[in-house]
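What follows is the structure, given as structure tokens:
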């Protein structure tokens with residue numbers, strides 16, 4: 208073995224010296240870089256948003272975070288994700304950031320899919336057109352159903368009826384950006400199907416209704432007749448007894464629905480003579496479809512009518528109604544409250 212020359216010894220010594228300086232510096236750099244992953248992000252305000260588009264890779268998400276000034280180094284964010292086995296678990300969507308979140312917590316948020324939630328409310332008594340318009344006006348909803356006829360929408364939603372009127376449950380629905388109008392309606396449809404099936408399965412005795420759909424039609428009329436919950440069982444009872452006795456329902460809301468855009472805000476005697484499929488002053492039995500979205504109270508009232516001798520009711524002007532058992536009593540009530 209040949210002895211090391213002075214030059215060789217000097218080279219080794221210099222190399223060791225360089226490493227003795229670089230390694231601590233590298234360790235400090237790595238420590239400080241990883242430490243930034245656990246320091247709260249400095250965001251401009253509480254409304255800072257970050258969006259991950261569908262199909263984004265970990266590298267793209269990391270680069271987007273860097274470009275937005277939300278993290279200092281994309282490499283260490285990627286390494287953290289790989290260390291946590293989260294590189295394929297980041298979920299697309301909109302995320303709201305606050306000033307107390309760290310990049311590490313942000314990664315956890317992405318993996319958990321804690322996306323920003325939007326909300327919309329479908330109101331009891333609305334028509335399908337009103338409900339669909341509300342969905343279309345709601346922010347961040349992806350519109351797919353525009354331009355389709357009502358029968359085409361029914362096919363798209365796998366409805367058993369050609370007309371989608373009344374086939375959705377009125378409620379508040381939460382959704383994420385990019386959710387489609389179809390997806391929201393499908394959720395409302397499923398909710399209604401479950402509630403209606405439960406109510407129909409627990410209906411009170413024999414009813415002059417042949418199906419849960421007929422119960423829904425009746426529920427929609429009850430919904431439009433009164434906003435007073437305590438009255439709905441009595442209103443249901445009036446309509447059920449009229450159906451049992453072969454009497455016409457004579458419900459003003461069905462007339463209004465049948466008039467559509469021709470209704471000018473006040474029912475006239477000529478409107479009651481108008482031949483439409485929804486004019487229950489002219490037709491016997493129920494109209495062919497619901498006339499509005501029915502809430503759970505109206506649905507339950509339709510299959511659980513309260514027993515009484517009432518066959519008539521008239522609005523009293525304060526939101527309530529006066530119920531009567533005979534036409535004579537009813538006419539007296541009409542004279543008292545509406546003339």
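Numbering (the working numbering), first residue to last: 208 to 546. Note that beta-carbon positions come from the ideal geometry of N, C-alpha and C, so glycine has one too.
Can you list, in chain order, the residues of its chain whose CB lies under 6 Å from that of residue i, leaving out five sequence neighbours each side?
i, result
"residue 269", "281, 284 and 285"
"residue 533", "none"
"residue 622", "The first residue shown for the chain is 208 and the last is 546, placing residue 622 beyond what the model contains."
"residue 540", "521, 529 and 531"
"residue 523", "529 and 544"
"residue 369", "358 and 361"
Have a look at the DSSP bridge pairing and note the partners of residue i.
i, result
"residue 326", "381"
"residue 347", "Residue 347 pairs with nothing; no bridge assigned."
"residue 255", "304"
"residue 528", "522"
"residue 387", "349"
Between the alpha carbons of residue i and residue j, how many angstroms are there, rounded?
i, j, result
"residue 260", "residue 512", "51 Å"
"residue 360", "residue 436", "32 Å"
"residue 411", "residue 336", "32 Å"
"residue 526", "residue 469", "25 Å"
"residue 228", "residue 321", "With a pLDDT of 48 at residue 228, under the threshold of 50, the predicted position of this residue should be treated as unreliable, and no value is reported."
"residue 441", "residue 530", "8 Å"
"residue 495", "residue 399", "18 Å"
"residue 514", "residue 443", "10 Å"
"residue 466", "residue 312", "57 Å"
"residue 542", "residue 488", "20 Å"
"residue 278", "residue 460", "59 Å"
"residue 352", "residue 342", "11 Å"
"residue 380", "residue 538", "44 Å"
"residue 485", "residue 464", "7 Å"
Taking Cβ to Cβ, would you say residue i is nearer than 8 Å to residue j?
i, j, result
"residue 507", "residue 430", "no"
"residue 517", "residue 445", "yes"
"residue 287", "residue 314", "yes"
"residue 510", "residue 450", "no"
"residue 528", "residue 438", "yes"
"residue 387", "residue 340", "no"
"residue 334", "residue 367", "no"
"residue 427", "residue 474", "no"
Within the same chain, show all residues whose beta-carbon is closer than 8 Å to that of residue i, passing over the 5 residues directly before and after it, in chain order.
i, result
"residue 403", "419, 422, 423 and 506"
"residue 323", "256, 300, 301, 302, 303, 383 and 384"
"residue 491", "453 and 455"
Run the proximity test for residue i: is its beta-carbon closer than 7 Å to any non-hydrogen atom belonging to the ligand SAH?
i, result
"residue 411", "This structure lacks the ligand SAH; in fact it carries no ligand of any kind."
Counting only the same chain and skipping the five closest in sequence on each side, list residues whose C-beta sits under 7 Å from that of residue i.
i, result
"residue 347", "325, 384 and 385"
Original post:
Three or more C-beta pairs closer than 8 Å, one from the region 390-397 and one from the region 516-534: is that the case here?
Top reply: no
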